[in-house]
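The numbering of the sequence shown is the numbering used here, which starts it at 55 and goes up by one. Written out below as C-alpha coordinates is the structure these notes cover.
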Amino acid sequence: RLESVYHAYPGLTYADLYTLAGVVAIEKMGGPIIKWRHGRRDYRDGKKSPPDGRLPDADQGVQHIRDIFYRMGFNDSEIAALIGAHSMGGCHINRSGYDGHWTATPNTFSNKFFRSLLEEHWQERQWNGPKQFEDVRTKFLMILSTDMALIQDPEFKKYVVEYAKDNDLFSKSFSAAFEKLLELGVDFQKRG
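If you want it as C-alpha coordinates, here you go:
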(Lines of atoms letter the chains of each structure in order from A and count residues from 1; the text may use other names and numbers.)
(Lines give C-alpha, C1' and ligand atoms only; values in the text may rest on other atoms or scores of the structure.)
Protein backbone atom coordinates (compact mmCIF):
# COMPACT_ATOMS: atom_id res chain seq x y z
CA ARG A 1 0.00 0.00 0.00
CA LEU A 2 2.86 2.39 0.63
CA GLU A 3 4.06 1.90 -2.93
CA SER A 4 0.85 3.52 -4.25
CA VAL A 5 1.45 6.52 -1.97
CA TYR A 6 5.02 6.78 -3.24
CA HIS A 7 3.85 6.87 -6.87
CA ALA A 8 1.04 9.33 -6.13
CA TYR A 9 3.45 12.01 -4.89
CA PRO A 10 6.29 12.86 -7.27
CA GLY A 11 9.38 13.94 -5.38
CA LEU A 12 8.53 11.87 -2.31
CA THR A 13 11.50 9.77 -1.24
CA TYR A 14 11.22 6.28 0.17
CA ALA A 15 13.15 7.49 3.21
CA ASP A 16 10.52 10.15 3.90
CA LEU A 17 7.66 7.76 3.14
CA TYR A 18 8.84 5.04 5.51
CA THR A 19 9.69 7.40 8.35
CA LEU A 20 6.33 9.17 8.01
CA ALA A 21 4.55 5.80 7.93
CA GLY A 22 6.29 4.90 11.19
CA VAL A 23 5.25 8.17 12.82
CA VAL A 24 1.63 7.70 11.70
CA ALA A 25 1.56 4.07 12.85
CA ILE A 26 2.80 5.03 16.32
CA GLU A 27 0.16 7.74 16.59
CA LYS A 28 -2.60 5.36 15.39
CA MET A 29 -1.58 2.88 18.10
CA GLY A 30 -2.19 5.51 20.76
CA GLY A 31 1.33 6.90 20.84
CA PRO A 32 2.47 10.49 20.94
CA ILE A 33 2.44 12.95 18.09
CA ILE A 34 5.97 12.98 16.75
CA LYS A 35 7.32 16.01 14.90
CA TRP A 36 8.26 15.02 11.38
CA ARG A 37 9.57 16.93 8.41
CA HIS A 38 10.48 15.91 4.90
CA GLY A 39 13.95 16.11 3.44
CA ARG A 40 15.51 12.64 3.56
CA ARG A 41 17.28 11.45 0.44
CA ASP A 42 17.21 8.05 -1.18
CA TYR A 43 20.55 6.61 -2.24
CA ARG A 44 20.91 3.83 -4.75
CA ASP A 45 24.59 3.49 -3.89
CA GLY A 46 25.07 1.95 -0.45
CA LYS A 47 28.38 3.79 -0.03
CA LYS A 48 26.47 7.01 0.69
CA SER A 49 24.25 5.42 3.33
CA PRO A 50 25.16 5.62 7.01
CA PRO A 51 27.26 2.72 8.24
CA ASP A 52 25.50 -0.41 9.42
CA GLY A 53 25.15 -0.84 13.12
CA ARG A 54 22.37 1.59 14.02
CA LEU A 55 20.40 -1.24 15.59
CA PRO A 56 21.83 -3.11 18.54
CA ASP A 57 22.53 -6.83 18.33
CA ALA A 58 19.76 -8.40 20.42
CA ASP A 59 22.18 -10.94 21.96
CA GLN A 60 24.39 -8.25 23.48
CA GLY A 61 24.34 -6.40 26.77
CA VAL A 62 24.68 -2.98 28.33
CA GLN A 63 28.00 -1.86 26.87
CA HIS A 64 26.97 -2.81 23.35
CA ILE A 65 23.71 -0.85 23.66
CA ARG A 66 25.60 2.21 24.85
CA ASP A 67 28.25 1.86 22.14
CA ILE A 68 25.58 1.77 19.42
CA PHE A 69 23.46 4.64 20.72
CA TYR A 70 26.15 6.91 22.22
CA ARG A 71 27.88 7.19 18.85
CA MET A 72 24.59 8.52 17.48
CA GLY A 73 24.38 11.11 20.27
CA PHE A 74 21.79 9.49 22.54
CA ASN A 75 21.94 9.44 26.34
CA ASP A 76 20.68 6.69 28.66
CA SER A 77 17.17 8.12 29.11
CA GLU A 78 16.75 8.45 25.33
CA ILE A 79 18.08 4.93 24.77
CA ALA A 80 15.63 3.48 27.29
CA ALA A 81 12.77 5.45 25.72
CA LEU A 82 13.64 4.20 22.22
CA ILE A 83 13.86 0.60 23.39
CA GLY A 84 10.43 1.20 24.94
CA ALA A 85 9.10 0.94 21.39
CA HIS A 86 9.11 -2.76 22.21
CA SER A 87 5.69 -2.07 23.69
CA MET A 88 4.55 -2.41 20.08
CA GLY A 89 4.90 -5.37 17.78
CA GLY A 90 6.81 -8.55 18.28
CA CYS A 91 9.49 -10.82 16.92
CA HIS A 92 9.00 -13.24 14.06
CA ILE A 93 11.19 -16.29 13.59
CA ASN A 94 11.29 -15.87 9.81
CA ARG A 95 12.61 -12.30 10.14
CA SER A 96 14.88 -12.17 13.18
CA GLY A 97 15.03 -15.70 14.52
CA TYR A 98 13.32 -14.54 17.73
CA ASP A 99 9.72 -15.32 18.58
CA GLY A 100 6.96 -13.64 20.55
CA HIS A 101 5.55 -10.39 21.88
CA TRP A 102 6.92 -8.02 24.49
CA THR A 103 3.45 -7.17 25.77
CA ALA A 104 -0.04 -8.68 25.64
CA THR A 105 -1.17 -5.62 23.63
CA PRO A 106 1.31 -5.43 20.73
CA ASN A 107 -0.87 -3.03 18.73
CA THR A 108 -0.92 -0.40 21.48
CA PHE A 109 1.71 2.18 22.35
CA SER A 110 2.10 2.30 26.13
CA ASN A 111 4.53 1.88 28.99
CA LYS A 112 3.51 -1.78 29.46
CA PHE A 113 6.91 -2.95 28.23
CA PHE A 114 8.58 -1.18 31.18
CA ARG A 115 5.97 -2.43 33.63
CA SER A 116 6.46 -6.00 32.41
CA LEU A 117 10.22 -5.72 32.71
CA LEU A 118 9.81 -4.88 36.40
CA GLU A 119 6.73 -6.90 37.36
CA GLU A 120 7.36 -10.22 35.62
CA HIS A 121 9.92 -12.82 36.53
CA TRP A 122 12.02 -13.80 33.54
CA GLN A 123 13.75 -17.04 32.66
CA GLU A 124 15.76 -18.07 29.65
CA ARG A 125 13.53 -19.79 27.13
CA GLN A 126 14.48 -23.39 26.45
CA TRP A 127 14.06 -23.79 22.72
CA ASN A 128 15.93 -24.39 19.52
CA GLY A 129 16.43 -20.71 18.76
CA PRO A 130 18.55 -17.74 19.80
CA LYS A 131 18.76 -16.72 23.43
CA GLN A 132 15.66 -14.91 24.63
CA PHE A 133 13.70 -14.79 27.86
CA GLU A 134 10.09 -15.62 28.69
CA ASP A 135 7.91 -14.64 31.61
CA VAL A 136 7.73 -17.43 34.19
CA ARG A 137 4.01 -17.00 34.86
CA THR A 138 2.48 -17.36 31.37
CA LYS A 139 5.42 -18.09 29.07
CA PHE A 140 3.62 -15.83 26.56
CA LEU A 141 5.72 -12.68 26.89
CA MET A 142 9.31 -12.45 25.77
CA ILE A 143 12.28 -10.13 26.08
CA LEU A 144 15.71 -10.07 24.48
CA SER A 145 19.13 -9.83 26.11
CA THR A 146 19.20 -6.12 25.27
CA ASP A 147 15.89 -5.69 27.12
CA MET A 148 17.19 -7.63 30.12
CA ALA A 149 20.19 -5.29 30.19
CA LEU A 150 17.83 -2.38 30.93
CA ILE A 151 16.90 -3.88 34.29
CA GLN A 152 20.34 -5.23 35.14
CA ASP A 153 22.14 -1.89 34.76
CA PRO A 154 21.40 0.61 37.59
CA GLU A 155 21.53 3.67 35.31
CA PHE A 156 19.13 2.20 32.76
CA LYS A 157 16.92 0.71 35.46
CA LYS A 158 16.16 4.12 36.96
CA TYR A 159 14.63 5.15 33.60
CA VAL A 160 12.74 1.85 33.35
CA VAL A 161 11.24 2.60 36.78
CA GLU A 162 10.36 6.20 35.80
CA TYR A 163 8.75 5.17 32.52
CA ALA A 164 6.89 2.27 34.17
CA LYS A 165 5.35 4.71 36.68
CA ASP A 166 4.53 7.52 34.23
CA ASN A 167 3.15 6.78 30.76
CA ASP A 168 3.04 10.50 29.91
CA LEU A 169 6.73 10.90 30.73
CA PHE A 170 7.53 7.86 28.58
CA SER A 171 5.45 9.23 25.68
CA LYS A 172 7.16 12.62 25.81
CA SER A 173 10.62 11.09 26.12
CA PHE A 174 9.97 8.63 23.31
CA SER A 175 8.59 11.33 21.01
CA ALA A 176 11.68 13.53 21.45
CA ALA A 177 14.13 10.62 21.08
CA PHE A 178 12.35 9.17 18.05
CA GLU A 179 12.27 12.56 16.34
CA LYS A 180 16.02 12.84 16.95
CA LEU A 181 16.55 9.33 15.55
CA LEU A 182 14.55 10.09 12.40
CA GLU A 183 16.63 13.19 11.71
CA LEU A 184 20.06 11.59 12.07
CA GLY A 185 22.21 12.33 9.05
CA VAL A 186 19.61 14.50 7.31
CA ASP A 187 20.74 17.89 6.04
CA PHE A 188 17.42 19.72 5.99
CA GLN A 189 19.05 23.01 4.92
CA LYS A 190 20.27 21.44 1.68
CA ARG A 191 16.90 19.84 0.97
CA GLY A 192 14.76 22.83 1.80
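Note that beta-carbon positions come from the ideal geometry of N, C-alpha and C, so glycine has one too. Keep in mind it's a predicted model, so treat the numbers as computed, not measured.
Neighbour-count burial assignment, residue i, 16 or more Cβ in a 10 Å radius
{"i": "residue 227", "result": "buried"}
{"i": "residue 225", "result": "buried"}
{"i": "residue 182", "result": "exposed"}
{"i": "residue 162", "result": "exposed"}
{"i": "residue 235", "result": "buried"}
{"i": "residue 120", "result": "buried"}
{"i": "residue 165", "result": "buried"}
{"i": "residue 300", "result": "Summary: the structure shown does not reach residue 300, with the chain confined to residues 55 through 246, and so no result is reported for it."}
{"i": "residue 57", "result": "exposed"}
Residue i - containing beta strand (DSSP E), residue span
{"i": "residue 189", "result": "187 to 189"}
{"i": "residue 178", "result": "176 to 178"}
C-beta contact flag for residue i and residue j at 9 Å
{"i": "residue 67", "j": "residue 91", "result": "no"}
{"i": "residue 113", "j": "residue 199", "result": "yes"}
{"i": "residue 178", "j": "residue 191", "result": "no"}
{"i": "residue 108", "j": "residue 122", "result": "yes"}
{"i": "residue 131", "j": "residue 167", "result": "no"}
{"i": "residue 152", "j": "residue 186", "result": "yes"}
{"i": "residue 247", "j": "residue 196", "result": "Residue coverage of the chain in this structure runs from 55 to 246, which leaves residue 247 outside it and unanswerable."}
{"i": "residue 158", "j": "residue 210", "result": "no"}
DSSP bridge partner residues for residue i (one or two, in chain order)
{"i": "residue 195", "result": "155"}
{"i": "residue 115", "result": "Note: residue 115 sits in no beta bridge, so no partner."}
{"i": "residue 144", "result": "155"}
Bounding residues of the alpha helix (DSSP H) (the contiguous stretch that carries residue i)
{"i": "residue 130", "result": "130 to 137"}
{"i": "residue 84", "result": "Unbroken run through residue 84: none, as it is neither H nor E."}
{"i": "residue 237", "result": "First-last for residue 237: undefined, no H or E at that position."}
{"i": "residue 169", "result": "166 to 173"}
{"i": "residue 109", "result": "It is not in any alpha helix (DSSP H) - residue 109 carries neither H nor E in the DSSP assignment."}
{"i": "residue 208", "result": "208 to 219"}
{"i": "residue 66", "result": "Looking at the DSSP string, residue 66 is not in any alpha helix (DSSP H), and its letter there is neither H nor E."}
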